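Reviewing the structure listed below.
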Amino acid sequence: MIVASSIIAVMMGFLVLIIRIRANKRPINAKKILLPPLFMSTGSLMFLHPMFRVSSVQVIESIAVGIVFSVLLIKTSSFEIKNMDIYLKRSKAFIYILVSLLIIRVIAKSVLSTSINYGELSGMFWILAFGMIVPWRAAMFMQYKKIRRELSNA
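Laid out in structure tokens, this is it:
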């Protein structure tokens, strides 16, 4: 199960890279920033099943690690204005950070799977990912709103 989920995580990671590279070619808007965390939030339904429930300490640990990782994403995400539209600026560091985070995730999952059951570990990694995407997207949205205001005042 751990190997299969790691393979799926790697495939999804590369899908995110491809989507991210293509996204740089089109203007960004508030929906494109805010919808991914909203769509991801539906994954919280997994916690209705007892197998995926985690302790309070595990929740705090997962959120803390997610916030730390989000700082890297926040630092490498910026916008640029082209023809009065706002675009996500391409950063070479972003790709390296995403690949590094993916590698860290696979290694951590392999190590932690020996001491934490599969369901709890899955729940912890979902919380970590959600704890990473929400602050990142919130920071992007605030930056986007600031640039949008500047554009409308110009």
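Numbering (this note's numbering), first residue to last: 69 to 222.
Cβ atoms here follow ideal geometry from the backbone N, Cα and C, with glycine treated the same way.
Fair warning: this is a prediction, and the values are worked out from it, not measured in the lab.
In this structure, the straight-line span from the alpha carbon of residue 151 to that of residue 77 is close to 37 Å. Between the alpha carbons of residue 175 and residue 219 lies a distance of about 44 Å.
Counting along the chain, residue 107 sits inside no beta strand (DSSP E); it lies in the alpha helix (DSSP H) bounded by residues 98-109. Residue environment: residue 71 is assigned as exposed (fewer than 16 neighbouring CB atoms within 10 Å of its CB, all protein chains considered). Inclusion of residue 171 and residue 130 in the CB contact set at 8 Å is not warranted, their separation being larger than that value. Between the region 114-130 and the region 179-191 there are three or more inter-stretch CB-CB distances shorter than 8 Å, so the stretches are counted as touching. Assignment of residue 146 by DSSP, reduced to helix, strand and coil, places it in the strand class. In this structure the region 155-171 lies against the region 87-101, because at least three pairs of beta carbons, one per stretch, are closer than 8 Å. Shortest Cα-Cα distance from residue 103 to any of 205, 165 and 74 involves 205. Within 10 angstroms of the beta-carbon of residue 128 lie fewer than 16 other beta-carbons, which makes it exposed. Annotation for residue 132: 199 place their beta carbon closer than 8 Å to its own, counting only its chain and skipping 5 residues before and after. Taking the C-beta atoms as reference points, residue 203 is found nearer than 8 Å to residue 142. The DSSP-derived three-state label of residue 93 is coil. Taking the C-beta atoms as reference points, residue 191 is found nearer than 8 Å to residue 114. Counting only runs of at least 3 residues, the region 120-181 fully encloses the following beta strand (DSSP E) elements, listed from N- to C-terminal order: 146-150 and 153-157.
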